[in-house]
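22 is the number of the first residue of the sequence shown in the working numbering; add one for each residue after it.
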Amino acid sequence: MPHETPLIATIVIGLVLAFIFGAIANRLRIPPLVGYLVAGVLAGSHTPGFVADQELAAELAEIGVILLMFGVGLHFSLKDLLSVRAIAIPGAIVQILAATLLGLGLAWILGWSLQAGFVFGLALSVASTVVLLRAMQERRLIETERGRIAVGWLIVEDLAMVLALVLLPAIAGALNGGDTPSGPIHANSDPIAAYFDLGIGGVIALTLGKVAAFVTVMLIVGRRVIPWTLHAIAHTGSRELFRLAVLAIALGVAFGAAKLFGVSFALGAFFAGMIMSESELSHRAAEESLPLRDAFAVLFFVSVGMLFDPMTIVNDPLPLLATLAIIVVGKSLAAFFIVLAFGYPTGTALIISASLAQIGEFSFILAELGVGLGMLPEEGRDLILGGAILSILLNPLVFAGATYLKPWFEKRVSSTIEPAAEVDAPKTDEIDVEELRPTTLTNHAVLVGYGRVGSLVGDALKEVGKPFLVIEDADKTVAKLRDDNIETIVGNAANGDILAAANLSGARQLILAIPNAFEAGQIVVKARAANPVISILARAHSDAEVQHLQDLGADAVIMGEREIARGIVSHILSLDEPKPEGILTET
């Protein structure tokens, strides 16, 4: 090779190893992210063989965080965010305090200083953005009440960590009589605060002022400029320029937010997506950013795996287990009881607590900053990294455990906490916490998805009096279906229990109105196994998707683009037909 190419090598090796081990993990019926983490361990400096550039990998992972939060913002509105502020703000603050106190307790047992325990506990208190959002997206929960609470909670944690990163150098300086270690750590100190020699109170006020200024700029300027830019580019007819505009806005706003206002990349990207969601082109923007978002999100897990030293498990097993217990058990229990205390259902409390039972990128940043400032011993950083890896690995199991234990918790909690809060329970559209009740319909149609296509199909079925039910998981759509007295089963149709509740064995047709061909394929396989003679109709966007669904057992697959072409041709031909004699036209 004529010259060094660390960036290319890191991307290529990272993605190739992630693909190989992700595929193996999927084959073994475990989450692919386990494979991505293993790929990172193999590419890291703690194992023999190729060693990827860790700093480059971390920056590439940050792009994944930006695009992921941008995609979440596209599904949110300011109203959605404000609707959960009553629980997200106090809930996140109390949970951070609880986890920090638990970390302080473990640090005291290990003989560390008070400041070391504070940094250690703070690092254990904040969940990983990528892990939480991936878990929510895989379970199609982002647009539900639980998803909104989790994202709101995440935003508050994000803001708290922004404050922590700014305040830690000031605290270290105060504890050390005004002296802090020299070097790159000064990058975390605000230059304005350093110039004016602001105290801790001044730093807090300055940071909050910057956050408020960023939100104001986005709501006043961004709300006008971003949608206008998208529409202007869309009118050029260039898909390439539109895709570039979406990425430029997502990355540009995130970078500008970090450099000009001192907020995190993730928070900046989230607001960019939330403002863009007000545009009619937001769905197209989400589609254009999806491939890059998924690729860079994979690199995030690879970069996390690169940090892990497997020997930590051998060298410090008991402290590592205690750290893991704080993350998975301590944080989860705190979040669980906080959500219940606000009057939300047990199912919501379990999902929120499971989603927060891990730590990630902010924890690594805090650990490195703490070590650099002399506030945290290197042993603490190793425990944080080890706890992060293990908590991410265990997170799918935590979600599975939450689902399994839900009936048990509901029986024991409903008679104590929930009745006390019932009077003041918040209004919520959380519908799918109800017990799954099988339908009594037979010889009916099962309609999966009630979006733009599914709602039109449903209207047609109602008009002809065809008995049908809908499987849907978006809370707002479910609420509308219930208002229209349409029988609805809430959940993901890829779940076997959901399909069983729809009585597929007694149904005549299964109509898949969802746009995701891969997910539709899973449903086709399970439906065909449940009822070999059921008629399955699906939709697709390409010839390859049509063939894929037909090979899996779909009887008919409608490709939208082909039907549009047929409609255009039919209209053209109708214009060319000769008009019947005797009909006069005005001139």
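Even for Gly, the Cβ is constructed at its ideal location relative to N, Cα and C.
Among the options, which has the Cα closest to the Cα of residue i?
i, options, result
"residue 412", "358, 344, 30", "344"
"residue 267", "283, 290, 282", "290"
"residue 465", "249, 556, 145", "556"
"residue 180", "229, 488, 541", "229"
"residue 104", "356, 544, 164", "164"
"residue 377", "498, 29, 157, 60", "157"
"residue 521", "550, 502, 495, 496", "550"
"residue 366", "389, 326, 336, 433", "433"
"residue 494", "509, 487, 504, 485", "509"
"residue 281", "500, 483, 239, 312", "239"
"residue 536", "299, 331, 470", "470"
"residue 321", "350, 418, 579, 150", "150"
"residue 83", "487, 480, 573, 386", "386"
"residue 41", "28, 57, 50, 32", "57"
"residue 298", "330, 252, 512, 325", "252"
Any idea what DSSP makes of residue i, helix, strand or coil?
i, result
"residue 51", "coil"
"residue 27", "helix"
"residue 367", "helix"
"residue 489", "strand"
"residue 571", "helix"
"residue 593", "helix"
"residue 336", "helix"
"residue 472", "coil"
"residue 515", "coil"
"residue 329", "coil"
"residue 448", "The pLDDT assigned to residue 448 is 49, lower than 50, so where the model puts this residue is not dependable; a value taken from the coordinates is nonetheless given after this. Residue 448: coil per DSSP, three-state reduction."
"residue 458", "coil"
"residue 311", "helix"
"residue 523", "coil"
"residue 564", "helix"
"residue 74", "coil"
"residue 250", "helix"
"residue 69", "coil"
"residue 398", "coil"
"residue 537", "coil"
"residue 206", "With a pLDDT of 38 at residue 206, under the threshold of 50, the modelled position of this residue cannot be trusted; read the value that follows with caution. If DSSP states are grouped into helix, strand and coil, residue 206 belongs with the helices."
"residue 105", "coil"
"residue 259", "coil"
"residue 299", "coil"
Would you mind giving the Cβ-Cβ distance between residue i and residue j, rounded to the nearest angstrom? I have them listed as a contact below 8 Å.
i, j, result
"residue 193", "residue 395", "7 Å"
"residue 171", "residue 373", "6 Å"
"residue 317", "residue 81", "6 Å"
"residue 146", "residue 128", "That belief does not hold up - the Cβ atoms of residue 146 and residue 128 are roughly 13 Å apart, past 8 Å."
"residue 78", "residue 35", "6 Å"
"residue 327", "residue 116", "Not really, about 29 Å apart at Cβ, beyond 8 Å."
"residue 515", "residue 484", "Actually they do not touch by this definition, with Cβ atoms about 29 Å apart."
Looking only at DSSP bridge pairs, what is residue i linked to?
i, result
"residue 509", "491"
"residue 611", "With the chain covering only 22 through 608, there is no way to say anything about residue 611."
"residue 578", "559"
Does the ligand HEM have even one heavy atom less than 7 Å from the beta-carbon of residue i?
i, result
"residue 182", "Questions concerning the ligand HEM fall outside what the structure shown contains, since it holds no ligand whatsoever."
message = In chain order, what are the residue ranges of uninterrupted alpha helix (DSSP H) at least 4 long that sit wholly in the segment 115–195?
response = The segment 115–195 contains these whole alpha helix (DSSP H) runs: 135–146, 150–159.
task = Note down, one range per segment and in chain order, each alpha helix (DSSP H) of at least 4 residues found wholly within the segment 339–393.
result = Secondary structure within the segment 339–393: the alpha helix (DSSP H) runs of 4 or more consecutive residues, fully enclosed, are 352–362, 367–376, 382–393 (chain order).
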